[in-house]
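Data first, discussion second: the structure below is written as structure tokens.
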Amino acid sequence: MATIGPNELYFLMQGLKWTLALTIIGFIGGGVFGLAVALARTSEAPFARRFTAGYIAIFQGTPLLMQLFVVYYGVALMGFNVDAWVAVAVAFTLHASAFLGEIWRGGIQAVPKGQTEAANALGLHYVSRMKDVVLPQALRISLPATIGFLVQLIKGTSLAAIVGFVELSRAGQIVSNQTFRPLTVFAIVGIIYFLICWPLSLWGASMERRLQTASR
Amino acid sequence: MPQSAAAQAPLIALDGVGKWYGAYHALKNVNMTVRKGEKIVLCGPSGSGKSTLIRCINHLEEIQEGKITVEGTTLTASARTIDAVRREVGMVFQSFNLFPHKTIMENCTLAPMRVKGVSKADAEATARKYLERVRIIDQADKYPAQLSGGQQQRAAIARALCMEPKAMLFDEPTSALDPEMVKEVLDTMIGLARDGMTMICVTHEMGFARQVADRVVFMASGEIIEEGPPEEFFRDPKHQRTRTFLGEILAHH
């Protein structure tokens, strides 16, 4: 049995780097498109509402693993030769957009109706009404759930291993195969995930408490 | 007549207004004209359609029948006429509806900057003027939650005034307030009335009606039942429903 030395740890850190990169890409892409989804879900146009409702239903109702497969191999089947990075970034963005879109839709609808009415009565148009009045309040309301989803997304990136990404989980598997110390290696991998996700969860919980006291 | 035609033309005119919520007939053939500078108090039992009526004037609610004209613009579903009307008409809500994430000053400057394109400095100067008038200039940098209910409602009045509207709609502005705060808001409204603002107030404050109203309008089941100058209205109500309503309202005061 080989030992777990600096080389192995370095390899794990390389994996961690990809885990974080995938999370950030998914979160930023999902943030931008998720906002668009949330706005479409709450718009007055029935088509936009129905279309995004269908999109959310599909991406919330199927496993992320399957979504990764479909995008990764599906895009190739359609004749596009895309980089694995692009395919995985697209898949995570689509996935995160559906979830964040639904979380923020709830936030937008939780803002009291009187806020929109006051903005309307003052003559504010849609963009200002959303940007200045509704969204700042909606995002505040949605913050705990948004952080919760971010934690899920960090752990969800481990599924990118299936299309050949050596992120943290896959790196752990490789090191474990080389050293024959699966328990030690996966304990280390688990601790790394935990050290990233736990503070976020704590932050989300404290945010939730603060929101509750603020609304009392 | 000595007055010019322009002075005679009503600022707000409702002509045969009808509104339904599904099968429920909320407003039935409502006709009303408000001249510049006039103060109208709208009263009636809950569910009588008085709030619905003033919410139709600035198109927070859509009407299905008749027409509403404000300062020569007839409201249609088009954004242009809605914008034009909302520029002329300010509104104060029962639940204040201040923007909780913005300071009182920011609440007052947002719409002038975004809608009228006024510079920040000018918007703040205007806001200071009206915040002084409603006597909460010292609260300008606080957030709504840090103010009492009465202060919040006065801030909401200042916010509406910052758009320099020609008329103000008040939708039960004192109903959500603790009793000791009602007076400060009513005093602000009385001051506004004295300065010549055109006002339509939905309220149960009959003392306020006696003091400032040119006309009191009584509504029930979506219809205007009767209207008249306050002395006459309170002394000699013509309809049984008005008498019943006044009996109930005044018994509490």
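The listed protein sequences derive, respectively, from chains A and B.
At position 151 of the first sequence (counting the first as 1) the number is 151 in the UniProt record's numbering, and the numbers step up by one without a gap.
At position 34 of the second sequence (counting the first as 1) the number is 34 in the UniProt record's numbering, and the numbers step up by one without a gap.
The beta carbon of each residue, even a glycine, is placed where N, CA and C say it ideally should be.
task: With leucine 27/B as the anchor, note down where its beta strand (DSSP E) starts and where it stops.
output: 24-34
query: Where isoleucine 154/A and valine 134/A are concerned, what is the direct C-alpha to C-alpha distance, given to the nearest angstrom?
result: 29 angstroms
task: Sort out for me which residues DSSP pairs tyrosine 21/B with in a bridge.
output: Bridge pairing for tyrosine 21/B: Tyr24/B [DSSP].
- request: Classify glycine 79/A as buried or exposed, calling it buried when 16 or more other Cβ atoms lie within 10 Å of its own Cβ.
  value: By the neighbour-count rule (16 or more Cβ atoms within 10 Å), glycine 79/A is not buried but exposed.
field: Residues of the segment 43-57 of chain A whose Cβ lies closer than 8 angstroms to any Cβ of chain B, in chain order
entry: none
query: Would you call the segment 76-96 of chain A and the segment 11-20 of chain A in contact, with 3 or more CB pairs under 8 angstroms?
result: no
message: For asparagine 7/A, would you say it is in contact with chain B, using Cβ-to-Cβ distances shorter than 8 angstroms as the test?
response: no
- request: Specify the secondary structure class of isoleucine 40/B as computed by DSSP and reduced to three states.
  value: strand
query: Along the chain, which unbroken stretches of the beta strand (DSSP E) at least 3 residues long are found entirely within the segment 25-78 of chain A?
result: If we require 3 residues or more, the segment 25-78 of chain A turns out to have no beta strand (DSSP E) run fully inside it.
Proximity below 8 angstroms, CB of serine 51/B to CB of glutamate 248/B: No, the pair does not count as a contact, with Cβ atoms beyond the cut-off.
query: Looking at C-beta atoms only, is the number of pairs between the segment 56-66 of chain B and the segment 79-94 of chain B that lie closer than 8 angstroms three or more?
result: For the pair of segments examined, the segment 56-66 of chain B was found to touch the segment 79-94 of chain B: the number of CB pairs separated by less than 8 angstroms reaches three.
- prompt: What residues in the segment 146-169 of chain A have a beta carbon less than 9 angstroms from any beta carbon of chain B?
  reply: none
message: Suppose you measure from the CA of glutamate 8/A to the CA of isoleucine 162/A; what does that come to, to the nearest Å?
response: 21 angstroms
message: Under 8 angstroms, Cβ to Cβ, is there at least one residue of chain A near proline 100/B?
response: By this cut-off, proline 100/B is an interface position.
message: Just checking: is the beta-carbon of serine 128/A within a distance shorter than 8 angstroms of some beta-carbon in chain B?
response: yes
message: Can you check whether the C-beta of serine 95/B is within less than 8 angstroms of a C-beta belonging to chain A?
response: For serine 95/B, the nearest beta carbon of chain A is closer than 8 angstroms to its own beta carbon.
message: Out of Ala127/B, Pro45/B, Ala111/B, which one is the CA nearest neighbour of asparagine 120/A?
response: Ala111/B
Within 8 angstroms, strictly: CB atoms of serine 169/A and serine 158/A: yes
query: Is the CB of alanine 111/B under 8 angstroms away from at least one CB in chain A?
result: yes
- request: List the endpoints of the continuous beta strand (DSSP E) containing alanine 66/B.
  value: Residue 66/B is actually glycine in this sequence, not alanine. Looking at the DSSP string, the run of the beta strand (DSSP E) that includes glycine 66/B is 65-70.
- prompt: So which residues on chain B does glycine 123/A lean against when the C-beta distance must stay under 8 angstroms?
  reply: Asp83, Arg86, Arg87, Ala111, Val115, Met163
Inter-stretch contact (C-beta, 8 angstroms, three-pair minimum) for the segment 204-215 of chain B and the segment 29-41 of chain B: yes
message: With distance defined between alpha-carbon atoms, name the residue in Val30/B, Leu14/B, Gln64/B, Ala13/B nearest to alanine 23/B.
response: When each option's Cα is compared against that of alanine 23/B, the closest is Gln64/B.
task: Check glutamine 3/B in the structure and name its three-state DSSP category.
output: Because the pLDDT at glutamine 3/B is just 47, under 50, the model does not fix this residue reliably, and the point stays unresolved.
field: Cutoff 8 angstroms: glutamate 102/A Cβ touching any chain B Cβ
entry: no
message: Distance check for alanine 145/A and serine 201/A, CA to CA, integer angstroms please.
response: 10 angstroms
- request: Compare the C-beta of glycine 114/A with all C-beta atoms of chain B and state if any pair is closer than 8 angstroms.
  value: At least one chain B Cβ lies under 8 angstroms of glycine 114/A.
message: Using 8 angstroms as the threshold, is the C-beta distance between alanine 96/A and phenylalanine 27/A below it?
response: Against a cut-off of 8 angstroms, the Cβ pair of phenylalanine 27/A and alanine 96/A comes out as a contact.
- prompt: For aspartate 15/B versus glycine 49/B, is the C-beta distance shorter than 8 angstroms?
  reply: no
task: In the DSSP assignment, find the alpha helix (DSSP H) that holds glutamate 248/B and state where it starts and stops.
output: 240-251 is the span of the alpha helix (DSSP H), which, as asked, contains glutamate 248/B.
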